[in-house]
Amino acid sequence: MKAGQGEFILVINPGSTSTKVALFEGETERAKESIEHPSDLIAGFNHIYDQLPLRTMAVRSFLGRQGVDLSDLSCIMARGGILPPLRSGAYLVNEAMIDTLLHCPAQLHASNLAALIADELGRSAGIRSYIYDSVATDELDAIARYSGAKELPRRSFSHALNTRAMCLRYAREYGANYADLCLIAAHLGGGISVNAHKGGRIVDIVTGEDGPFSTERAGALPTMGLIELIRKEGPEKALALERGKGGLASYLGTNSAIEVEKRIDAGDAEAARVFEALAYQVAKAIGELATVLKGEVDAIIVTGGMANSKRLTGWIAERVGFIAPVAVLPGEDEMRALAEGGLRLIRGQEKARVYGEE
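0 is the number of the first residue of the sequence shown in numbering that gives the first Met the number 0; add one for each residue after it.
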């Protein structure tokens, strides 16, 4: 496989026990793999960054299987890790970013490895590497940072990569400029986040910290009740509700939306009530962000894995359709979103920011 027209892009997206890699030529996905790393092997590393040689070699092996040399690439696009707050879009992977990831990241996370792998590969071949729409994307308006407690300012952690990709797709399909639109995008997956987009920025968000429950996360909980729960059962109980034991899992004993829909089809009234409650809470979050945009909403975009449920998206649309047209763009394709960001750079439609120079 050889590159053509100067648009050959390698995409890297590490998870806790896997490294997802893909090759795109223009808009076409040429190859994709999810390289699994045995959990016992991962557990044997003392520090997450000790995994770097293993993961880098896995990506090199993927390229070898595809018959691709690093010199064939136009650029490398890496999943943005948990850095200090960044703006949306592309950032060039540079020494300042690598130093931050290695020595003072906002949080240790597998996604932090992406830029390190890309830098290792890119430097060896003189290929530029970028991150795009990092998990740390934070463009909140100043007024949106107030929480009600000075010690606890609101922060921006959301599904920026997928929601911005869907907003950009919506704008492209309707012949509009994303930066000229006011959009609300709801990502429905294992976690749920709802974002308000205005002037090309994500100006406010509603996430699991202050918004809807999801398949396995509790979302916002009554404060006094949560304090009492922690007092009686300890913080681990509360953490469990936000990390696998909340949401559908708490009410129905499953974190599978597909399983819940099967139960509803079989006549399970409680499953129907809980699933509709999830839609109700998403709709409330959308309505909340409509006030942020002062009612000037061009479209509401519903995306993520659970957006494949016509039942769920139908319930949401019933409640928010009066605000703006609802566009359902189901699924989540982080690899394509990263590649599309790379294409915009190659084609001169966007410019990359330089980390540390803002």
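Yeah, the Cβ is synthetic: ideal placement off N, Cα and C, and Gly gets one too.
Quantities reported herein were computed from a predicted structural model and do not represent experimental measurements.
So is Q50 buried or exposed if we call it buried at 16+ other beta carbons inside 10 Å?
For the purposes of this step, residue 50 is taken as the residue at position 51 of the sequence shown. Answer is buried; the Cβ neighbour count reaches 16.
Along the beta strand (DSSP E) that carries D181, what are the first and last residues, could you check?
Within the sequence shown, residue 181 is the residue found at index 182, counting from 1. Rather than Asp, the amino acid found at residue 181 in this sequence is Cys. That run of the beta strand (DSSP E) goes C181 to L187.
Hey, V10 and M76: beta-carbon distance below 9 Å or not?
Your numbering for residue 10 matches position 11 in the sequence shown. Your numbering for residue 76 matches position 77 in the sequence shown. Yes, the Cβ-Cβ distance between V10 and M76 is below 9 Å.
Which residues does DSSP pair with S128 in a beta bridge?
Reading the sequence shown from its first residue, position 129 is the one you call residue 128. According to DSSP, S128 bridges with I75.
Going by DSSP, what residues sit across from T27 in a beta bridge?
The residue given as residue 27 occupies position 28 in the sequence shown. The partner list for T27 (beta bridge, DSSP) reads E24.
Got a sec? Which residues, its chain only, sit under 7 Å from A117 by beta carbon, not counting five neighbours each side?
Start at 1 with the first residue of the sequence shown, and residue 117 comes out as number 118. Taken in chain order, the residues that qualify are I11, I75, A77, V92 and S128.
Contact between the segment 335-342 and the segment 233-247: three or more CB pairs below 8 Å?
no
For the beta strand (DSSP E) that A326 lies in, which residues bound it at each end?
Residue numbering aside, residue 326 sits at position 327 when the sequence shown is read from its first letter. Here the beta strand (DSSP E) through A326 covers V325 to P329.
Mapping DSSP to helix, strand and coil, what is Y90?
As a working mapping, residue 90 is identified with position 91 in the sequence shown. It is a strand residue.
Whose CA, out of A184, L167 and E28, lies closest to the CA of T362?
Residue 362 falls outside the range modelled here, since the chain spans only 0 to 357, and no answer is possible.
According to the neighbour-count rule (16 or more other Cβ atoms, all chains shown, within 10 Å of its Cβ), is K293 buried or exposed?
On the sequence shown, position 294 is the one that residue 293 refers to. K293 is exposed by the Cβ-count criterion.
Between S38, L112, L85 and G190, which lies nearest to A356 when the distance is taken from Cα to Cα?
Along the sequence shown, one-based indexing puts residue 356 at 357. The question names Ala, but residue 356 in the sequence shown is Glu. It is L85.
Just the C-alpha distance for A170 and G147, rounded to the nearest angstrom, thanks.
The residue given as residue 170 occupies position 171 in the sequence shown. The residue given as residue 147 occupies position 148 in the sequence shown. Taking the straight line from one Cα to the other gives about 35 Å.
Straight-line Cα distance separating A237 from E227:
Position 228 of the sequence shown, counted from the start, is the residue given in the question as residue 227. Position 238 of the sequence shown, counted from the start, is the residue given in the question as residue 237. So the alpha carbons of these two residues sit roughly 10 Å apart.
S192 lies in the beta strand (DSSP E); which residues open and close that run?
The residue you call residue 192 lines up with position 193 of the sequence shown. It spans I191 to K197 - the beta strand (DSSP E) in which S192 sits, taken as one unbroken run.
In chain order, what are the residue ranges of uninterrupted alpha helix (DSSP H) at least 4 long that sit wholly in the segment 245-299?
247-251, 256-264 and 268-291
Contacts around D297, its chain only, beta-carbon distance under 7 Å, and the 5 residues preceding and following it disregarded
Numbered from its first residue, the sequence shown carries residue 297 at position 298. Cβ within range, chain order: L180, C181, L182 and A323.
What are the boundary residues of the beta strand (DSSP E) that includes N12?
Walking along the sequence shown from the start, residue 12 turns up at place 13. Where N12 is concerned, the enclosing beta strand (DSSP E) stretches over F7 to P13.
Using CA coordinates, which residue listed in E287, E295 and F274 is at the minimum distance from L311?
Taking the sequence shown and counting its residues from 1, the one referred to as residue 311 is at position 312. Considering only alpha carbons, the answer is F274.
Whole angstroms is fine: what's the gap from P152's alpha carbon to P83's?
On the sequence shown, residue 152 is found 153 positions in, with the first residue counted as 1. On the sequence shown, residue 83 is found 84 positions in, with the first residue counted as 1. For P152 and P83, the distance between alpha carbons rounds to 15 Å.
My assumption, with CB atoms under 8 Å, is that D371 sits in contact with D137. Please give the rounded CB distance.
Examination of residue 371 is not possible in this model, given that the chain is present from 0 through 357 alone.
Looking at C-alpha atoms only, which residue of G174, Y48 and L107 is the closest neighbour of E119?
By 1-based counting over the sequence shown, the position of residue 119 is 120. That would be Y48, whose Cα lies nearest to the Cα of E119.
Using 8 Å as the threshold, is the segment 58-69 in touch with the segment 98-108, meaning 3 or more CB pairs across them?
no
If distances are taken between C-alpha atoms only, which option among V291, L251 and K350 comes closest to A276?
Taking the first residue of the sequence shown as 1, we reach residue 276 at position 277. Relative to the Cα of A276, the nearest Cα in the group V291, L251 and K350 belongs to L251.
Comparing alpha-carbon positions, which option in F212, G233 and E295 lies nearest K197?
Translated into the one-based positions of the sequence shown, residue 197 becomes position 198. Checked all of F212, G233 and E295; the closest Cα to K197 is E295.
Excluding five sequence neighbours on each side, which residues of the same chain lie with their C-beta closer than 6 Å to the C-beta of A2?
Start at 1 with the first residue of the sequence shown, and residue 2 comes out as number 3. Note that A2 scores 45 on pLDDT, short of 50, meaning its location in the model is unreliable and no value can be drawn from it.
Near the ligand GDP: L85 beta-carbon under 8 Å from a heavy atom:
Here there are no bound small molecules, and the ligand GDP is not part of this structure.
Where the beta strand (DSSP E) containing I47 begins and where it ends
Taking the sequence shown and counting its residues from 1, one reaches residue 47 at position 48. Following the DSSP letters along the chain, one finds I47 in no beta strand (DSSP E), marked with neither H nor E.
Where A265 falls, given that 16 or more other Cβ within 10 Å makes a residue buried:
Start at 1 with the first residue of the sequence shown, and residue 265 comes out as number 266. Exposed, by the Cβ-count rule.
Backbone secondary structure at G303 - three-state DSSP:
What you label residue 303 is simply residue 304 of the sequence shown in a count that begins at 1. Correct three-state label for G303: strand.
Label Q280 either buried or exposed according to how many other C-beta atoms from any shown protein chain fall within 10 Å of its C-beta, with 16 as the threshold for buried.
Position 281 of the sequence shown, counting from 1, holds the residue named residue 280. Buried, since its Cβ has 16 or more Cβ neighbours within 10 Å.
DSSP three-state call for K309: helix, strand or coil?
Residue 309 sits at position 310 when you count from the first residue of the sequence shown. Note: K309 maps to helix in three-state DSSP.
One question on the structure: do A114 and L69 come within less than 9 Å of each other, judged by their Cβ atoms?
Against the sequence shown, residue 114 aligns to sequence position 115. Against the sequence shown, residue 69 aligns to sequence position 70. Contact flag unset, no.
Look up D203 in the DSSP assignment and give the residues it is bridged to.
Taking the sequence shown and counting its residues from 1, the one referred to as residue 203 is at position 204. DSSP lists A195 as partners of D203.
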